[in-house]
Structures are given as structure tokens and as C-alpha cells.
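This report refers to the structure that appears directly beneath it.
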Amino acid sequence: MSILRKALGVAAISFAAFGGAAISQQNKDTVKVPEGLALSEFSGYEKWQVIAVSQNNNIIDVIVGNPEMIAAYQSGLPAEGRKIPDGAKMVKIHWNAKKQPDGFPALVPDTLHDLDTMVKDSKRFAATGGWGYGQFNYDGASDSFKPLGSGPGCGFACHTKVASVDYVFTRFPKR
Amino acid sequence: MPLISPKSIFAASLLVSFAILSGVSIAAQDKYSLKVPDGLSFSDFKGYESWQVVSLAQTDQVLKAIVANPTMIAAYRAGIPGNGKPFPDGSKIAKIQWTQKKSSEAPFVVNVPDKYQDIFFIEKDSKRFPKTSGWGYARFVYTPASDSFTPDGKGSDCGYACHTKVATKDYIFHPYQKR
Chain F
0 MSILRKALGV
10 AAISFAAFGG
20 AAISQQNKDT
30 VKVPEGLALS
40 EFSGYEKWQV
50 IAVSQNNNII
60 DVIVGNPEMI
70 AAYQSGLPAE
80 GRKIPDGAKM
90 VKIHWNAKKQ
100 PDGFPALVPD
110 TLHDLDTMVK
120 DSKRFAATGG
130 WGYGQFNYDG
140 ASDSFKPLGS
150 GPGCGFACHT
160 KVASVDYVFT
170 RFPKR
Chain H
0 MPLISPKSIF
10 AASLLVSFAI
20 LSGVSIAAQD
30 KYSLKVPDGL
40 SFSDFKGYES
50 WQVVSLAQTD
60 QVLKAIVANP
70 TMIAAYRAGI
80 PGNGKPFPDG
90 SKIAKIQWTQ
100 KKSSEAPFVV
110 NVPDKYQDIF
120 FIEKDSKRFP
130 KTSGWGYARF
140 VYTPASDSFT
150 PDGKGSDCGY
160 ACHTKVATKD
170 YIFHPYQKR
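Residue numbers (numbering that gives the first Met the number 0), protein chains in the order written: chain F, 0 to 174; chain H, 0 to 178.
Okay, structure coming up:
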């Protein structure tokens, strides 16, 4: 390999690494499940109100909702036989859990694991009970999200268990 | 005249009804009228229900959500306390604690909130709380049976001894979690 080709190769790798970093930081606005939800449909989720928290094994998570979803909860939903209105959105933020670093006997969030998203649109997602589902796995090395699977149906089979309350597991506990 | 007249029974039942009714109205407590004696007012934290989440925690007993007001969130996002700067006056943070239970519906094992237990508040006011490094602390315990809160203890320093452990992080344990 000539010196020139070597230099070109190094330049290309540097460019890719650099460009990759720049792209990944904007990946929140562009990442999309093929034939499914775009993360940008949940724009602003970072500031949405807390619905509830949960924990299983090494994951601790918070479930947040947009104002339409919070209003639905405050009107008494989910409830048997009643529908959540179109436009309601929820995001479940999963973090890997770690021991509290200052010595308290508690689990606290470590690195971001993934985002699970749900949006109600009874026309668009007629085939999956009116809800579209998406999962975006976080990759710390590239600081970017990777969509899981394809299509908007990834959570449907699981959420069918609570079909009678319009497919919503999470309750809104008093605070 | 009989010992208890129909009239007096009627009067007594009216009194009982009145007591029940007023009991109900007492139970609908205005939490924002509560205050720790010589300490913080619940109303200092008005609107905490919709504040942005900072972080979470779980112990053997409880699941917790830590939320903060816009002043404090802006400070976190500016790099405080990692950048060595203190949180500004007006920063407020609340820790909501629920007892936990296994979800009876989820298809996998997951702990979810059960009963509301208590809420902790901290606010920064370097003039008002100079003895506790600028932070005032309070705790209100929730009682489900009466749907009401009770202030815990008195004064504004209930969390100080514990939070001194993280004095280098301006006395705040939880960092703002990436999301």
C-alpha cells in the first residue's frame, strides 16, 4: 500500500469517525423504525410529565406522557371499555440500574438502555388496536439510537393482555 | 313524655349527618395549606406534579421519582453541579416515594408503584437557609386512609446531615439522567 493510499485511508477513517459522531448526536430527530414510528413523533418527551416508575431485574424505568395522555389519565382512564383519545403518546425510558454510588442501599439509573414509545391513532394503527409501538435501543459507544425490528406492531402482542382497558398497563399513581 | 322523643331522634340523626358531611369536607385536604412547623410550606412546591423527572431510585421498600422545577432543570442542563458551580437560589426538587408491588398484569416480573408513601422537598435559598448550606428540607407523609398529608418533624434541616455526604455535589445526590 502506497503512503498516499495509507494517508487517504486514515483520512477516510477519521472523517467517518468524526462524521459518525456528528450524525449520531442528531440521530434523535432522524431515527425511525422501518415502516414504523419515528422518534421525532415523540419530540419533547424529555420534559413530559411522569406517569409512573417501574423496575425489573437490572432495569429501572420511568414512563412519561404528553399532555393529551396526562389529560386522559386525569379523566379516569385507562378504564374498562373506554378508549384513550387519538394523539395520546407515552414514552418509557429504560436505564440500566446500578448501586447508588454514595453507599446508600438503593438502585439508581446508570446508562440509558432504550426508549419504548406508544402513540394512539385509531386510523393509522387500526390493525394493532389503535396504538403504534416503537423501540429505540441506545448505543453508548456511538451515542445514538437504533430502531428495533420493523413496523409499528412490536408491543401489540404483549399489550393485548390489557386490551379491555385500551392496551395500557401503566396506572397513574397519586403524588 | 317518653325519654327519647321522635323529635330528639330526628335532631340527633341530623347532627350525625352533619358530622359525616363535614367529616367528608375535612378529608378533602388542601395540601398547599400545610407547613412544617418552623419549616417549609407545601405551597413552596406548587406544581411539582408536572415537573420534569431528574432520576429514579429503588430500595427494598420503595420506588422513587425525583422531579425538579424549571430553574433546577436548567441548572442541571448547564452542567451543575459537575462543573463545580452551586445550584442557583430558587432551585426546587421533590422526591415522590411509593411502596411497591409486583404487577399483576404484566407478562413479566416487574415492580410498580403500590401506595403513595411520602414526599420529600428541598429548596435552595442561600439567605433563608445559611446554616444548612443554602438548602431547606421538608418531608410530608401521606396517609391513604384519610387521603391526607402530615408534615414530618419541624424546622428546615431534616435532610441536611444526610446530604452532607455529597457536599461536593452541592448537597444533591441525583444527577440528571440522560434520556
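For each residue, glycine too, the CB sits at the ideal point set by N, CA and C.
Which residue's Cα is closest to the Cα of residue i: the options?
{"i": "residue 108 (chain F)", "options": "F:46, F:156, F:165 and F:52", "result": "F:52"}
{"i": "residue 86 (chain H)", "options": "H:143, H:33 and H:122", "result": "H:122"}
{"i": "residue 167 (chain F)", "options": "F:39, F:131 and F:137", "result": "F:131"}
{"i": "residue 118 (chain H)", "options": "H:105, H:138 and H:100", "result": "H:138"}
{"i": "residue 140 (chain F)", "options": "F:106, F:153 and F:110", "result": "F:110"}
{"i": "residue 118 (chain F)", "options": "F:56, F:103, F:105 and F:85", "result": "F:85"}
Does residue i get closer than 8 angstroms to chain F when you measure Cβ to Cβ?
{"i": "residue 39 (chain H)", "result": "no"}
{"i": "residue 172 (chain H)", "result": "yes"}
{"i": "residue 111 (chain H)", "result": "yes"}
{"i": "residue 139 (chain H)", "result": "no"}
{"i": "residue 177 (chain H)", "result": "yes"}
{"i": "residue 103 (chain H)", "result": "no"}
{"i": "residue 150 (chain H)", "result": "no"}
Closer than 6 angstroms by C-beta to residue i: which residues in its own chain qualify, once you throw out the five before and the five after it? Chain order, please.
{"i": "residue 33 (chain F)", "result": "149"}
{"i": "residue 53 (chain H)", "result": "65, 67, 173 and 175"}
{"i": "residue 109 (chain H)", "result": "102"}
I believe residue i touches residue j by the beta-carbon criterion, under 8 angstroms. Please report the beta-carbon distance rounded to the nearest angstrom.
{"i": "residue 142 (chain F)", "j": "residue 92 (chain F)", "result": "No, residue 142 (chain F) and residue 92 (chain F) are not in contact; Cβ-Cβ is about 16 angstroms, not under 8 angstroms."}
{"i": "residue 136 (chain H)", "j": "residue 156 (chain H)", "result": "6 angstroms"}
{"i": "residue 129 (chain F)", "j": "residue 121 (chain F)", "result": "4 angstroms"}
{"i": "residue 74 (chain H)", "j": "residue 90 (chain H)", "result": "6 angstroms"}
{"i": "residue 94 (chain H)", "j": "residue 63 (chain H)", "result": "6 angstroms"}
Among residues of its own chain, excluding the 5 on either side of residue i, which ones have a beta-carbon nearer than 7 angstroms to its beta-carbon?
{"i": "residue 41 (chain F)", "result": "88, 90 and 116"}
{"i": "residue 160 (chain H)", "result": "none"}
{"i": "residue 112 (chain F)", "result": "58, 93, 94, 95 and 137"}
{"i": "residue 49 (chain F)", "result": "61 and 63"}
Using a C-beta cutoff of 8 angstroms, does residue i count as contacting chain H?
{"i": "residue 92 (chain F)", "result": "yes"}
{"i": "residue 95 (chain F)", "result": "no"}
{"i": "residue 173 (chain F)", "result": "yes"}
{"i": "residue 26 (chain F)", "result": "no"}
{"i": "residue 55 (chain F)", "result": "yes"}
{"i": "residue 59 (chain F)", "result": "yes"}
{"i": "residue 32 (chain F)", "result": "no"}
Under 7 angstroms from any heavy atom of the ligand ATP, does the C-beta of residue i make it?
{"i": "residue 58 (chain H)", "result": "As presented, the structure is devoid of all ligands, the ligand ATP included, so that no description of it is given."}
Exercise. What residues in the segment 100-134 of chain F bring their beta carbon closer than 7 angstroms to a beta carbon of chain H?
Worked result: Of all residues in the segment 100-134 of chain F, the ones placed with a Cβ closer than 7 angstroms to any Cβ belonging to chain H are 101, 104, 105, 106, 107, 108 and 111, in chain order.
Exercise. For the segment 87-98 of chain H, which residues have a beta carbon sitting closer than 7 angstroms to at least one beta carbon of chain F?
Worked result: 95 and 97
Problem set entry | Interface positions of the segment 34-51 of chain F facing chain H (Cβ-Cβ less than 7 angstroms), listed along the chain | 45, 46, 48, 49 and 51
Exercise. Of the residues that make up the segment 55-66 of chain H, which ones have a beta carbon closer than 8 angstroms to any beta carbon in chain F?
Worked result: 55, 56, 57, 58, 59, 62, 63, 64 and 66
Problem set entry | Interface positions of the segment 139-168 of chain F facing chain H (Cβ-Cβ less than 8 angstroms), listed along the chain | 157, 160, 161 and 168
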